[in-house]
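*Asks:* Below: one structure in structure tokens.
Protein chains in written order, with this note's numbering: chain L, 13 to 129; chain Z, 9 to 120.
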């Protein structure tokens, strides 16, 4: 089946503008994660959605970052008033999170490369 | 909070050489361990994982890793690398939180 998809693949924006990044998880996966990959910071966790539970926002770097997940499927990561340090590749991952509990494998999308000028 | 250390940042090998990439984590409880690979221009792919059971796990493309609990390590190995193994390799750990904590990555360059 289809993997995790993300759009756009590349986004160039000016400092101070808002951006929206989209993630379509694998069908049937109940857990969705956002990470970002940057040269200085490596791969960092941002936010995690699991079913209808309140999201784990502990990785969001500032209140300019927010995310939502509609209908338990597609997710949008929004960055308001972008700064140059927001430039990074934003990765989305999904996992099955079976009812038996435990840890499931996360499958990653191709990412959105964000450049803030 | 857990952390992951990958000591080798850049490794250069010739084809057919053996590979071992180090990964150490800090967390005293039960962990689940992963190695992901990112080939040039491609997205992160799962190489192998350890949840429980046999501490020697085998993954795709001839890779294996050994979980040594006493050393908090999960080193990645391959007996004979190929040029196509050129990529960046990331070790990652999860605990009950389920979000992955990644190491800083090791860039492997295999020369033909």
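Idealized CB from N, CA, C, for every residue including glycine.
As the structure is a computational prediction, the values presented were derived from the model and not from experiment.
Over the uninterrupted beta strand (DSSP E) stretch that includes residue 45 of chain L, give me the two end residues.
*Replies:* Within the first chain, the letter at position 33 stands for residue 45 of chain L. Segment 43-50, the beta strand (DSSP E) holding residue 45 of chain L.
*Asks:* Hey, quick one: how far does the beta strand (DSSP E) through residue 19 of chain L stretch, first residue to last?
*Replies:* Here residue 19 of chain L refers to the residue found at position 7 of the first chain. Looking at the DSSP string, the run of the beta strand (DSSP E) that includes residue 19 of chain L is 17-19.
*Asks:* Counting only the same chain and skipping the five closest in sequence on each side, list residues whose C-beta sits under 6 Å from that of residue 70 of chain Z.
*Replies:* Residue numbering aside, residue 70 of chain Z sits at position 62 when the second chain is read from its first letter. These residues qualify, in order along the chain: 86.
*Asks:* Where does residue 72 of chain Z fall in DSSP's three states?
*Replies:* The residue given as residue 72 of chain Z occupies position 64 in the second chain. DSSP places residue 72 of chain Z in strand when its eight states are reduced to three.
*Asks:* Where are the beta strand (DSSP E) runs, 3 residues long or more, that stay fully inside the segment 36-82 of chain Z, in chain order?
*Replies:* Listed in chain order, they are 40-46, 53-58, 64-66 and 72-76.
*Asks:* Alpha carbon to alpha carbon, what distance is there between residue 100 of chain Z and residue 67 of chain L?
*Replies:* If you number the first chain from 1, residue 67 of chain L lands on position 55. If you number the second chain from 1, residue 100 of chain Z lands on position 92. Residue 67 of chain L and residue 100 of chain Z: Cα-Cα distance of roughly 21 Å.
*Asks:* Consult DSSP for residue 92 of chain Z and reduce its assignment to one of helix, strand or coil.
*Replies:* The residue labelled residue 92 of chain Z in the question sits at position 84 within the second chain. In the structure shown, residue 92 of chain Z sits in a helix (DSSP, three-state: H, G or I).
*Asks:* Which whole-angstrom value is the C-beta distance of residue 48 of chain L and residue 102 of chain L, which I expect to be below 8 Å?
*Replies:* For the purposes of this step, residue 48 of chain L is taken as residue 36 along the first chain, with counting starting at 1. For the purposes of this step, residue 102 of chain L is taken as residue 90 along the first chain, with counting starting at 1. Correct: roughly 5 Å between the Cβ atoms.
*Asks:* Name the residues in the segment 42-55 of chain Z whose C-beta lies less than 7 Å from a C-beta of chain L; which are they?
*Replies:* 51, 52 and 54
*Asks:* At what residues does the beta strand (DSSP E) containing residue 23 of chain L begin and finish?
*Replies:* Residue 23 of chain L sits at position 11 when you count from the first residue of the first chain. Element bounds for residue 23 of chain L: 22-25.
*Asks:* Taking 8 Å as the threshold, find out whether the segment 27-46 of chain Z comes into contact with the segment 81-97 of chain L through three or more Cβ pairs.
*Replies:* With contact defined as three or more Cβ pairs closer than 8 Å, the segment 27-46 of chain Z and the segment 81-97 of chain L are not in contact.
*Asks:* Suppose the cutoff is 8 Å on Cβ atoms and the five residues either side in sequence are ignored; what does the same chain contact list for residue 19 of chain Z look like?
*Replies:* For the purposes of this step, residue 19 of chain Z is taken as residue 11 along the second chain, with counting starting at 1. Excluding positions up to five away in sequence, the list reads 27, 29, 114, 115, 116 and 117.
*Asks:* Look at residue 81 of chain L and residue 61 of chain L and say whether their C-beta atoms are less than 7 Å apart.
*Replies:* Walking along the first chain from the start, residue 81 of chain L turns up at place 69. Walking along the first chain from the start, residue 61 of chain L turns up at place 49. Result yes, Cβ atoms of residue 81 of chain L and residue 61 of chain L sit closer than 7 Å.
*Asks:* Determine which residues of the segment 52-66 of chain L have a Cβ less than 7 Å from any Cβ of chain Z, and write them out in chain order.
*Replies:* So the list reads 54, 55, 57 and 60, given in the order they occur along the chain.
*Asks:* Quick one, which of L/96, L/116 and L/109 has its alpha-carbon nearest residue 23 of chain L's?
*Replies:* Counting from 1 along the first chain, the entry for residue 23 of chain L is found at position 11. Selected option, being the one with the closest Cα: L/96.
*Asks:* Judging by CA-CA distance, which residue of Z/43, Z/109, Z/63 and Z/12 is the nearest neighbour of residue 70 of chain L?
*Replies:* As a working note, residue 70 of chain L is residue 58 in the first chain. Ranking Z/43, Z/109, Z/63 and Z/12 by Cα distance to residue 70 of chain L puts Z/109 first.
*Asks:* Could you have a look at residue 68 of chain L and say whether DSSP puts it in helix, strand or coil?
*Replies:* Walking along the first chain from the start, residue 68 of chain L turns up at place 56. Looking at residue 68 of chain L - three-state DSSP - the assignment turns out to be strand.
*Asks:* Grouping DSSP H, G and I as helix and E and B as strand, with all else coil, what is residue 96 of chain L?
*Replies:* Walking along the first chain from the start, residue 96 of chain L turns up at place 84. Here residue 96 of chain L sits in helix by DSSP.
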